[in-house]
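Shown next, in structure tokens, is the structure this report addresses.
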Amino acid sequence: MCVSTETLPGLVTGTAELRRFLHGLPGVDQVGAEERAARLATRSIKKSAKAEAIDLAISMVDLTTLEGADTPGKVRALCAKGMHPDPSDASVPRVAAICVYSDLVAEAVRALAGSGIGVASVATAFPSGRAPLDAKLADTRRAVEDGASEIDMVIDRGAFLAGDYAKVHDEIVAIKAECGEAHLKVILETGELVTYDNVRRASWLAMMAGADFIKTSTGKVSPAATLPVTLVMLEAVRDYRARTGRQVGVKPAGGIRTTKDAIKHLVLVNETAGPDWLTPEWFRIGASSLLNDLLMQRRKLTTGVYAGPDYFTLD
Numbered sequence: 001m002c003v004s005t006e007t008l009p010g011l012v013t014g015t016a017e018l019r020r021f022l023h024g025l026p027g028v029d030q031v032g033a034e035e036r037a038a039r040l041a042t043r044s045i046k047k048s049a050k051a052e053a054i055d056l057a058i059s060m061v062d063l064t065t066l067e068g069a070d071t072p073g074k075v076r077a078l079c080a081k082g083m084h085p086d087p088s089d090a091s092v093p094r095v096a097a098i099c100v101y102s103d104l105v106a107e108a109v110r111a112l113a114g115s116g117i118g119v120a121s122v123a124t125a126f127p128s129g130r131a132p133l134d135a136k137l138a139d140t141r142r143a144v145e146d147g148a149s150e151i152d153m154v155i156d157r158g159a160f161l162a163g164d165y166a167k168v169h170d171e172i173v174a175i176k177a178e179c180g181e182a183h184l185k186v187i188l189e190t191g192e193l194v195t196y197d198n199v200r201r202a203s204w205l206a207m208m209a210g211a212d213f214i215k216t217s218t219g220k221v222s223p224a225a226t227l228p229v230t231l232v233m234l235e236a237v238r239d240y241r242a243r244t245g246r247q248v249g250v251k252p253a254g255g256i257r258t259t260k261d262a263i264k265h266l267v268l269v270n271e272t273a274g275p276d277w278l279t280p281e282w283f284r285i286g287a288s289s290l291l292n293d294l295l296m297q298r299r300k301l302t303t304g305v306y307a308g309p310d311y312f313t314l315d
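Residue 315 is where the sequence shown ends in full-length UniProt numbering, and the numbering goes up by one at each step.
Written as structure tokens, this is what we have:
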């Protein structure tokens with residue numbers, strides 16, 4: 001295994017150096033991270049700023065369906081909702097992407113043609129990440145060939161926790177090579193990484209291997225996208241850009257269901273990584289039920305009246 005030096009010039013050249021570098025990263029102050037995340041979560045914003053935040057959050061949503069019972073019809077309906085979240089209000093922004101399993105990518109691509117909305121596909125034996133590399137590469141290849149513009153891959157958490165960083169690194173490099181022009185989001189599944197130090201190490205490992213985004217979770221494991229975990233990942237991308245000049249995005253996913261949750265994450269982004277990350281290009285929110293709450297809160301701000309929960313389609 002040979003670690004690429006393009007993303008971290010002069011620092012990492014091989015397996016031993018990779019381990020040494022990751023374990024040489026500053027430790028995370030658990031109490032400090034949790035206190036800072038909690039403090040930022042209490043920030044209040046004015047009504048005008050809230051309206052802007054809601055629209056920004058909508059534009060950052062990766063509207064997702066990842067169920068065994070998914071059908072082409074469900075995917076088409078989700079795509080229609082992503083293009084026109086509120087059919088009665090054309091001013092509502094479109095979502096950033098629709099996220100589906102790889103066998104439904106072609107259906108999503110057809111439904112979204114000309115919309116400018118991306119098609120993201122989970123690949124690499126989602127959600128476990130436990131499959132031979134050949135199978136992971138084939139899954140990625142199919143999704144890209146069918147038109148996916150983004151690939152959300154999962155790392156092998158067992159390998160990471162066993163300290164086999166080289167295996168995790170090399171799989172990310174191989175998947176990235178299969179992506180071509182598609183962006184690669186690397187899912188860390190932080191709920192299984194046990195410590196914030198591991199979250200920081202996994203974040204750096206993914207970025208060093210070429211990730212375009214680092215993502216908290218599959219949404220299938222609890223806890224998923226907690227504010228302290230997202231804080232640690234935002235610090236990682238901030239510090240990585242300062243060290244290498246390359247910017248990497250962040251995507252919390254799983255458990256973000258309300259407008260309050262979304263706005264807390266936007267505050268966290270602004271105060272930790274900075275405003276450069278406050279765009280759909282660099283920050284996404286993986287969600288299914290969140291969009292409806294954002295739409296309900298948006299309608300309340302514009303009309304003064306809450307729309308009932310059955311006013312918008314259920315995903």
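Ideal Cβ placement from N, Cα and C applies to all residues, glycine included.
- prompt: Sorted by chain position, which residues of the same chain lie with C-beta nearer than 7 Å to Val28's C-beta, five sequence neighbours on each side aside?
  reply: The residue given as residue 28 occupies position 28 in the sequence shown. Excluding residues within five positions, the ones whose Cβ falls inside 7 Å are Tyr196, Asp197, Arg200 and Val232.
message: In this structure, how does DSSP classify Lys167 when only helix, strand and coil are distinguished?
response: On the sequence shown, residue 167 is found 167 positions in, with the first residue counted as 1. Of the three classes helix, strand and coil, the one that applies to Lys167 here is helix, per DSSP.
query: Helix, strand or coil: which one does DSSP assign to Thr230?
result: What you label residue 230 is simply residue 230 of the sequence shown in a count that begins at 1. Thr230 falls in the helix class under three-state DSSP.
- request: Inspect the beta-carbon positions of Asp62 and Ala96 and report whether they are closer than 7 Å.
  value: Here residue 62 is taken as the residue at index 62 of the sequence shown, counted from 1. Here residue 96 is taken as the residue at index 96 of the sequence shown, counted from 1. It is a contact, given that the beta carbons lie within the stated cut-off.
- request: Might you give, ordered along the chain, the residues of its own chain that have their beta carbon closer than 8 Å to the beta carbon of Ser59, omitting 5 neighbours on each side?
  value: Position 59 of the sequence shown, counted from the start, is the residue given in the question as residue 59. So the qualifying residues of the chain are Pro93, Arg94, Val95, Ala96 and Pro280.
- prompt: So the beta strand (DSSP E) Gly274 belongs to, where does it begin and stop?
  reply: Locating residue 274 in the sequence shown gives position 274, where the first residue counts as 1. No beta strand (DSSP E) holds Gly274; DSSP gives it neither H nor E.
- prompt: Relative to the C-alpha of Gly73, which residue among Leu104, Ala51 and Thr140 is closest?
  reply: Your numbering for residue 73 matches position 73 in the sequence shown. Closest option to Gly73, Cα to Cα, is Leu104.
task: Check the DSSP bridge columns for Leu56 and list the partner residues they point to.
output: Locating residue 56 in the sequence shown gives position 56, counting from the first residue. For Leu56, which the question treats as bridged, DSSP gives no partner whatsoever.
- request: Report yes if the C-beta distance between Gly129 and Val154 is below 7 Å; otherwise report no.
  value: Locating residue 129 in the sequence shown gives position 129, where the first residue counts as 1. Locating residue 154 in the sequence shown gives position 154, where the first residue counts as 1. In contact: Gly129 and Val154 (Cβ atoms closer than 7 Å).
- prompt: Which term fits Trp150, buried or exposed, when burial requires 16 or more other beta carbons within 10 angstroms of its beta carbon?
  reply: Translated into the one-based positions of the sequence shown, residue 150 becomes position 150. Per the sequence shown, the amino acid found at residue 150 is Glu instead of Trp. So Glu150 counts as buried.
- request: Look up Met153 in the DSSP assignment and give the residues it is bridged to.
  value: As a position in the sequence shown, residue 153 is number 153, starting the count at 1. Paired residue(s): Ala123 and Val186.
- prompt: Any idea what DSSP makes of Asp86, helix, strand or coil?
  reply: Locating residue 86 in the sequence shown gives position 86, where the first residue counts as 1. Residue state, collapsed to three classes: coil.
message: Distance check for Thr303 and residue 318, CA to CA, integer angstroms please.
response: Nothing can be reported for residue 318: it is not among the residues displayed for the chain, which extend from 1 to 315.
field: Cutoff 8 Å; reference Leu133; Cβ partners in own chain excluding five residues on either side
entry: Taking the first residue of the sequence shown as position 1, residue 133 is located at position 133. Closer than 8 Å at the Cβ level, and outside the excluded window around Leu133, lie Glu171 and Ala174.
message: If I measure Cβ to Cβ from Arg110 and keep anything under 8 Å in the same chain, skipping five residues before and after, which residues do I get?
response: Taking the sequence shown and counting its residues from 1, one reaches residue 110 at position 110. Within the same chain, Arg110 has no close Cβ partners at all.
Under 7 Å between C-beta atoms of Glu189 and Thr218: Start at 1 with the first residue of the sequence shown, and residue 189 comes out as number 189. Start at 1 with the first residue of the sequence shown, and residue 218 comes out as number 218. Taking 7 Å as the Cβ cut-off, Glu189 and Thr218 qualify as a contacting pair.
message: Using the three-state DSSP reduction, which class does Gly180 fall into: helix, strand or coil?
response: Here residue 180 refers to the residue found at position 180 when the sequence shown is read from its first residue. Note: Gly180 maps to coil in three-state DSSP.
- prompt: Measuring CB to CB, does Phe283 end up less than 7 Å from Val267?
  reply: Within the sequence shown, residue 283 is the residue found at index 283, counting from 1. Within the sequence shown, residue 267 is the residue found at index 267, counting from 1. Their beta carbons are not under 7 Å apart, which means Phe283 does not touch Val267 by this criterion.
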